[in-house]
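J.: Questions regarding the structure given below will be posed in turn.
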Amino acid sequence: MSKYITKRLLISLATLLVIIFVLFVMLDMMPGSPFNDEKLTETQKALLYAKYGLDQPFFVRFGKYLINMLKGDLGVSYVLNKNRAVSDMLTGPLGLSIRIGAKAMVIGSIFGLLFGILAALNHNTWIDSLFSLISIIGVSVPSYVFALLLAYFIGFKLKMFPILYNASNAGASTVLPTIALSMFPIANISRFTRSEMIDVLGSEYILLVESKGVREKDLILRHALRNTLIPIVTIMGPLLINLLTGSMVVEKVFAIPGIGQLMMQAIQNNDYNVVIACAFVYSALYIGMMLVVDILYGIIDPRIRVAKGAD
57 MSKYITKRLL
67 ISLATLLVII
77 FVLFVMLDMM
87 PGSPFNDEKL
97 TETQKALLYA
107 KYGLDQPFFV
117 RFGKYLINML
127 KGDLGVSYVL
137 NKNRAVSDML
147 TGPLGLSIRI
157 GAKAMVIGSI
167 FGLLFGILAA
177 LNHNTWIDSL
187 FSLISIIGVS
197 VPSYVFALLL
207 AYFIGFKLKM
217 FPILYNASNA
227 GASTVLPTIA
237 LSMFPIANIS
247 RFTRSEMIDV
257 LGSEYILLVE
267 SKGVREKDLI
277 LRHALRNTLI
287 PIVTIMGPLL
297 INLLTGSMVV
307 EKVFAIPGIG
317 QLMMQAIQNN
327 DYNVVIACAF
337 VYSALYIGMM
347 LVVDILYGII
357 DPRIRVAKGA
367 D
């Protein structure tokens, strides 16, 4: 298992290096520059390029950025918050997006598992049809549509929760975006849980356990659910990261100053360092989450743990 984790860590680091390189290439090819102010003369723009090292060759800039990144220095903002450290700019928005995404994932996991189990236990009944319909709607309708509906009916009409984010009332301000973001994981986890639970309940292993007189509650919780969770864990990691990357529009609807909104502003203003930092954070979170998923796989299923240890 330790060899497998070490191998995955090395692959993950190499992947992140490639991602940073590709980001540098893409931003270098983009039209425009961070200094698009019409009041600036060509001489002033040249001085700014020299000040920030943007006039140096590509590989020189790339090498310096990697060295500084290893020191925890992600550069400074050129436009959004001039000369402020990008790492400082990321702290607040990233923490806010993670909190909302994590809460949405917890809600999505709980209700998704519950709906999926109930649908599987009531296979081919109206309960199964109801939860299947909910899953189809959750997968088909984008999160921002749920966000707009919640903002109008719950926020505007009923005035139960604030529509726009307010830092002084952060708890209530994040309720609607959390619910909007949770709909997609609820639908996906419910679908996968239902499908896997039906397969597991019909397997010879469960029939053998049932023949030994195991109580129905223990049969479902200790045997069927555990085997069902193995493929479910696989989709939970990517779903959590998708909640962060897919929350840009939802953050825009509720005026949440999260990392999604920060990245959109940085792209619009060609703030190179901020764009690279945001994209790097997304990539690192995704790769890290997939590593966690692989480790959880080994914990849930001993067969996988033994197989990995043998590699």
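The working numbering applies: residue 57 is where the sequence shown begins, and numbers increase by one. Yeah, the Cβ is synthetic: ideal placement off N, Cα and C, and Gly gets one too.
Just mark SER368 as buried or exposed, buried being the case when its beta carbon has 16 or more other beta carbons within 10 Å.
T.: What the structure shows of the chain is the stretch from 57 to 367, and residue 368 is not part of that stretch, so it cannot be assessed.
J.: Going along the chain, which residues of its own chain have a beta-carbon closer than 8 Å to the beta-carbon of SER165, five neighbours each way excluded?
T.: Excluding sequence neighbours, SER165 sits near PRO241, ILE245, MET292.
J.: Run the CB neighbour count on ASN139, radius 10 Å, all protein chains shown included, and call it buried at 16 or more, exposed below.
T.: Classification for ASN139: exposed.
J.: For LEU206 versus ILE235, is the C-beta distance shorter than 8 Å?
T.: Contact: yes.
J.: Rounded to whole angstroms, what's the CA-CA distance from ALA366 to LYS59? Just pull it up for me.
T.: A caution first: ALA366 carries a pLDDT of 45, below 50, which makes its placement in the model too unreliable to give a value.
J.: Is the region 320-327 close to the region 132-152, with three or more CB pairs under 8 Å?
T.: As far as the Cβ criterion goes, the region 320-327 touches the region 132-152, which means the pair count is three or higher.
J.: Can you tell me whether ASP93 sits near the ligand NAD, meaning its C-beta is under 7 Å from at least one heavy atom of the ligand?
T.: Annotation note on the ligand NAD: not contained in the displayed structure, which lists no ligands.
J.: If contact is defined by three or more beta carbon pairs under 8 Å, each pair taking one atom from either stretch, is the region 223-235 in contact with the region 305-313?
T.: Touching, yes.
J.: Thinking just about the alpha-carbon of each residue, which of ASN329, PRO149, ASN283 is nearest to the one in GLU260?
T.: With distances taken between Cα atoms, GLU260 lies closest to ASN283.
J.: Give a yes or no on whether the C-beta atoms belonging to SER303 and LEU237 are separated by under 8 Å.
T.: The answer is yes: Cβ separation under 8 Å.
J.: I'd like to know whether the C-beta atoms of ALA176 and ARG64 end up nearer to each other than 8 Å.
T.: Going by C-beta atoms, ALA176 is not nearer than 8 Å to ARG64.
J.: Hey, how far is the Cα of GLU307 from the Cα of VAL331?
T.: If I take the Cα positions, the gap works out to 17 Å.
J.: For GLY211, which residues in the same chain have their Cβ closer than 7 Å to its Cβ, ignoring the five residues on either side in sequence?
T.: Same-chain partners within the cutoff: PHE217, PRO218, ILE219, LEU232.
J.: For ALA311, name the three-state secondary structure that DSSP assigns.
T.: Here ALA311 sits in coil by DSSP.
J.: Under the DSSP definition of a beta bridge, which residues are partnered with ALA141?
T.: Partner(s): VAL132.
J.: Who are the Cβ neighbours of GLY316 in its own chain at under 7 Å, not counting the five residues just before and after it?
T.: Once the five neighbours on either side are set aside, the close Cβ partners of GLY316 are SER153, SER303, MET304, GLU307.
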